Amino acid sequence: MRDFYDVYIILTMYDNIIDKELLNQAIHTVAVNGNTTDIINDSRMILMEISRSEELKKTMEWVSEKI
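Numbering (this note's numbering), first residue to last: 1341 to 1407.
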């Protein structure tokens, strides 16, 4: 879950300057090295579930205020 939040923060804060293709390659490399490519394949479904979670929204708002 933290990884999704990290990517969200990176894209939110650095959207104008981040090389999205390089970020995509980095995420893929980490997934291959961690043997978690199945998570990438399911990422759309996972992100939809995350976006619908009221508890997670509250947590993310709380964490965002602390940053």
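Yeah, the Cβ is synthetic: ideal placement off N, Cα and C, and Gly gets one too.
Quantities reported herein were computed from a predicted structural model and do not represent experimental measurements.
Alpha carbon of residue i to alpha carbon of residue j, nearest angstrom
i	j	result
L1362	E1395	31 Å
D1378	L1351	22 Å
V1370	M1400	23 Å
Heavy atom of the ligand GTP within 7 Å of residue i beta-carbon
i	result
I1379	Because no ligand of any kind appears in the structure shown, any question about the ligand GTP cannot be addressed here.
Residue i in three-state terms, based on DSSP
i	result
D1343	helix
I1357	coil
S1404	helix
D1382	coil
Option nearest residue i by Cα separation, candidates the options
i	options	result
F1344	W1402, L1387 and T1376	L1387
Short CB-CB distance (under 8 Å) between residue i and chain B
i	result
N1375	No chain B appears in this structure, which consists of one protein chain only.
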